[in-house]
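Structure, as structure tokens:
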Ligand SMILES: [Zn+2]
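Structure representation (structure tokens):
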């Protein structure tokens, strides 16, 4: 299945909860007390695999056990932080050696439970397919004909970036934003308080979260990306010379990660502008923003396919200016 919905709303948390429910041995699952539940909560259930974007390993073709170890550590860190983690940076991905590990583990029988569960967070960041069709194909085949007693739960806040072949093989569920009251209830948990530190009022945090509490955990990174996105949109309206200067400032292919973060923020800003325009009856401006958002989506896909941020920036700024968004 695919859980999609706003970033930071808790999709992976929900996916793990479903995993716990599937691996719980009590009648009223998930009980939170049986061995299965305790292993899941500790991040150590041998039949639950949790993959998500990570920095690329230095070794391009690492040993499978090395990849497993790396993920065990990453999961342990997330568990230690009570499942509170910032959004992975734009250069982190689910690389093809992860798909290799996944395909290999899916072929094994469950170790202690009756089934295996694979949770794949931010699944749209999985293997840039053109570089390794065989890894992507093996994964697709797995989704098409999952081994007996195996459940795949994918999550994504950018489901439009998922391969159509993946989307056609999953049952999709939308995870909606939670209410501000629920965000407040999340905020008062001691581990959340500790993680967020002092300096911001609860009211400000509720605003930052906008129904997706995870956003409070990445707001520093988000603030930086939003500052660059605002400058980007402003420069789009500043004429050719500023396009070129801003485009060069986005860096080359190595800067793809940070650039993806900027594009995400540009999308959000355009969405807000479009919504404000629609509410105040400025239809043309609303349509312009919607069209520009489509150009941003195209740029995101091209960035995933390794087109240079400089080239994409120049093109996108011209689109934004032409549309008057
Ligand atoms: Zn249980």
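In our numbering, the protein residues as written are 43 to 367.
Built from N, CA and C at the ideal position, the CB exists for glycine as well.
Opposing strand residues paired with residue i [DSSP bridges]
| i | result |
| --- | --- |
| residue 161 | 92 and 195 |
| residue 214 | 44 |
| residue 135 | 96 |
| residue 359 | Bridge partners of residue 359: none, in fact. |
| residue 335 | Looking at the DSSP assignment, residue 335 forms no beta bridge with any residue, so it has no partner. |
| residue 168 | 136 |
Assumed close pair residue i, residue j - CB separation to whole angstroms, cut-off 8 Å
| i | j | result |
| --- | --- | --- |
| residue 338 | residue 312 | 7 Å |
| residue 164 | residue 95 | 5 Å |
| residue 61 | residue 99 | Actually they are not in contact, since the Cβ atoms of residue 61 and residue 99 sit about 25 Å apart, beyond 8 Å. |
| residue 221 | residue 241 | So it is not a contact: roughly 25 Å between Cβ atoms. |
| residue 14 | residue 195 | For residue 14 there is no data in the structure shown, the boundaries of the chain being 43 and 367. |
| residue 229 | residue 245 | Rounded, the Cβ-Cβ distance is 10 Å, inconsistent with contact. |
| residue 51 | residue 219 | 6 Å |
| residue 307 | residue 268 | 5 Å |
| residue 331 | residue 367 | 5 Å |
| residue 214 | residue 47 | Not confirmed; about 10 Å, so no contact. |
| residue 211 | residue 236 | Their Cβ separation, rounded to whole angstroms, is 41 Å, which puts residue 211 and residue 236 out of contact at 8 Å. |
Proximity test, residue i beta-carbon vs ligand 1 heavy atom, cut-off 7 Å
| i | result |
| --- | --- |
| residue 88 | no |
| residue 78 | yes |
| residue 85 | no |
| residue 61 | no |
| residue 71 | yes |
| residue 155 | no |
| residue 67 | yes |
| residue 74 | yes |
Cβ-based neighbour list, residue i, same chain, cut-off 6 Å, excluding 5 preceding and 5 following
| i | result |
| --- | --- |
| residue 261 | 250 |
| residue 362 | 278 and 334 |
| residue 226 | none |
| residue 159 | 61, 64, 90 and 193 |
| residue 181 | 141 |
| residue 92 | 117 and 161 |
| residue 67 | 76 and 78 |
| residue 342 | 305 |
| residue 239 | none |
| residue 359 | 278 and 285 |
Cut-off 8 Å between Cβ atoms - residues of its own chain near residue i, not counting five sequence neighbours on either side
| i | result |
| --- | --- |
| residue 294 | 350, 351 and 352 |
| residue 356 | 285, 286 and 289 |
| residue 209 | 44 and 201 |
| residue 157 | 64, 65, 89, 191, 192 and 193 |
| residue 325 | 319 |
| residue 273 | 288 |
Contacts around residue i, its chain only, beta-carbon distance under 7 Å, and the 5 residues preceding and following it disregarded
| i | result |
| --- | --- |
| residue 118 | 85 |
| residue 127 | 120 and 259 |
| residue 113 | 93 |
Minimum Cβ-Cβ distance from residue i to chain D less than 8 Å
| i | result |
| --- | --- |
| residue 310 | The structure shown contains no chain D, having only a single protein chain. |
Beta strand (DSSP E) segments (min. 3 residues) lying fully within the segment 213-272: 214-216
Return the chain-ordered ranges of every alpha helix (DSSP H) run that is complete within the segment 99-129 and spans a minimum of 4 residues. 106-122
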